[in-house]
Amino acid sequence: MLHLSKTQIEKLKNMANAGRAGEIQAYSRYEAITGHIWRCACKARENENEQLTKIRVAVNIRDRMKPPLPHGYFGNAMLITVATSRAGELMSWSLCYASSKLGEPKGFSMGTQILQSRAGLGFPSTVQILDGERKFTWAQGALGFDGKGFIIPGHDEDGSLVIPLSLQAAHMEAFEKFFYMDI
């Protein structure tokens, strides 16, 4: 698991927003951290510069629905989209670039026909991870598949974050080196 202190998070946000054009909304904590993870994964995997790389992004569509959601709607309104980039661009350009690529899928409005074409239900559970353990009847659990990860609050309630992340064992040492060295 990766750990980010509140200070490291702020540094990543500042790095992500350093090259941002003034009229563009500031990149969020999520965009800064996820962009940083995406860049570090490309470096650790030694992706070829021209290799197309993708990352799935959950987008809040609550304010993008046309027609809008009914007043008093209770529930999530999100859509899973995909951000793409050439690995070489992610690795050589700034964190601002990676954060901007994550923001691209958000820059749209949605009609109900797009939403109706999506799956009707989907809900991952982090219950076992949040208590610090994953338990299965046959063995100690694992985090899923290569490239699977998410961001959760740190245990100390000090603004820190914990990032469980699954990468191939051959890439983890290099990933951790880039992850902390590049902050």
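For the sequence shown, my numbering gives the first residue as 11, with consecutive numbering after it. Ideal Cβ placement from N, Cα and C applies to all residues, glycine included.
| query | result |
| --- | --- |
| Within a Cβ cutoff of 6 angstroms, which residues of the same chain sit near A36, ignoring the five residues on either side of it in sequence? | N27 |
| When DSSP labels each residue in this structure, what does M11 get in the three-state scheme? | coil |
| Using the beta-carbon count (16 or more within 10 Å), is H46 buried or exposed? | buried |
| Taking S102 as the reference, which of E167, P78, C50 has the closest Cα? | C50 |
| Taking the straight line between their C-alpha atoms, what separation do you get for I193 and I65? | 21 angstroms |
| Among residues of its own chain, excluding the 5 on either side of E60, which ones have a beta-carbon nearer than 7 angstroms to its beta-carbon? | R96, G98 |
| Taking the alpha-carbon positions, what's the Y190 to D166 distance? | 20 angstroms |
| Contact check, T63 vs L100 under 8 angstroms by CB: the rounded distance? | 7 angstroms |
| Expressed to the nearest angstrom, what Euclidean distance is found between the alpha-carbon atoms of L171 and R39? | 11 angstroms |
| Do you know offhand how far G159's Cα is from L112's? | 15 angstroms |
| So, under 8 angstroms CB-CB, F185 and A54 are touching, yes? Tell me the CB distance rounded to an integer number of Å. | 4 angstroms |
| Whose C-beta lies closer than 6 angstroms to the C-beta of R30 among residues of the same chain, with five residues either side of it excluded? | C106 |
| Which residues bound the alpha helix (DSSP H) around S109? | 105 to 113 |
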